[in-house]
Amino acid sequence: MAWGIWAIITLVLLIAETLTVDFLFMMFAGGTIGAAITSAIAPDNLFLQIIVFSVISLLGVAFIRPWARRHVNDSSKGESNVYAMAGQVGHALTDIDTKAGRVKIGGDVWSAKTYGPAIAEGTTVVVQHVEGARAVVQPFHAQQAQYHPHY
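Counting in this note's numbering, the final residue of the sequence shown is number 155, and the numbers go up one at a time with none missing.
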């Protein structure tokens, strides 16, 4: 019957993992599954069950968790969302000045402005950064050739 207790602990850990998505509780859930299987084989040996739980959990935390965090949607590295737009190339749909303008970046149309001289409609631009919902752009020059157009 100890396998049932291990199974309940596994469910609790998996629920906790869905709330954190950090792969830590999942490693301990793997240990409880191992302990539940050990409990079915050796039901009277609690010490062995705890050893199996500990070994599987520690191996999971030491080896599987780092790999999973690197390969499964880790947004802690690099920039994402609007912050990743810096450096993208776009196309000015209207004249852009220090107050207003429209630019197409990728497949999206954004409000834009520039801190430099006004940019004429039709000019290729590069995003410097994003302020709120407005892209701050400057004209694209040949020395910025490392950027690839996304429009």
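Idealized CB from N, CA, C, for every residue including glycine.
Cutoff 8 Å; reference residue i; Cβ partners in own chain excluding five residues on either side
| i | result |
| --- | --- |
| F176 | Shown here, the chain extends from 5 to 155; a query on residue 176 therefore has no answer. |
| A66 | none |
| I123 | A96, D99, I100, D101, G105, V129, V141, Q142, P143 |
| L50 | A6 |
| Q147 | In this predicted model, Q147 has a pLDDT of only 47, less than 50, meaning its place in the structure is not dependable enough to derive any value. |
| I12 | none |
Proximal residues to residue i (C-beta, below 6 Å), its chain only, five neighbours per side dropped
| i | result |
| --- | --- |
| F32 | L17, S61 |
| G120 | Q142 |
| R69 | F27, M31 |
Simplified DSSP state of residue i, which is helix, strand or coil
| i | result |
| --- | --- |
| T128 | strand |
| H152 | Note that H152 scores 49 on pLDDT, short of 50, meaning its location in the model is unreliable; the coordinates nonetheless yield the value given after this. If DSSP states are grouped into helix, strand and coil, H152 belongs with coil. |
| A137 | coil |
| A104 | coil |
| G120 | coil |
| G94 | strand |
Contact under 8 Å by Cβ, residue i with residue j
| i | j | result |
| --- | --- | --- |
| A39 | F29 | no |
| V113 | V141 | no |
| S58 | G35 | yes |
Sequence-distant residues of its chain with Cβ nearer than 7 Å to residue i (five each side left out)
| i | result |
| --- | --- |
| Q132 | A90, V140, V141, Q142 |
| A44 | W7 |
| V56 | G38, A39, T42 |
| R73 | F27 |
| A46 | L52 |
| K103 | K117 |
| E135 | none |
Presumed contact (8 Å Cβ cut-off) between residue i and residue j, rounded CB distance
| i | j | result |
| --- | --- | --- |
| S115 | A88 | In fact, because the Cβ distance is near 18 Å, the residues do not count as touching under 8 Å. |
Interface flag, residue i vs chain C, CB-CB below 8 Å
| i | result |
| --- | --- |
| F144 | Structure shown: chain C not included; a single protein chain is present. |
With a floor of 4 residues, list each alpha helix (DSSP H) that falls wholly inside the region 17–82, ordered by position along the chain. Counting only runs of 4+ residues, the alpha helix (DSSP H) found wholly inside the region 17–82 occupies 28–45, 50–63, 69–75, in chain order.
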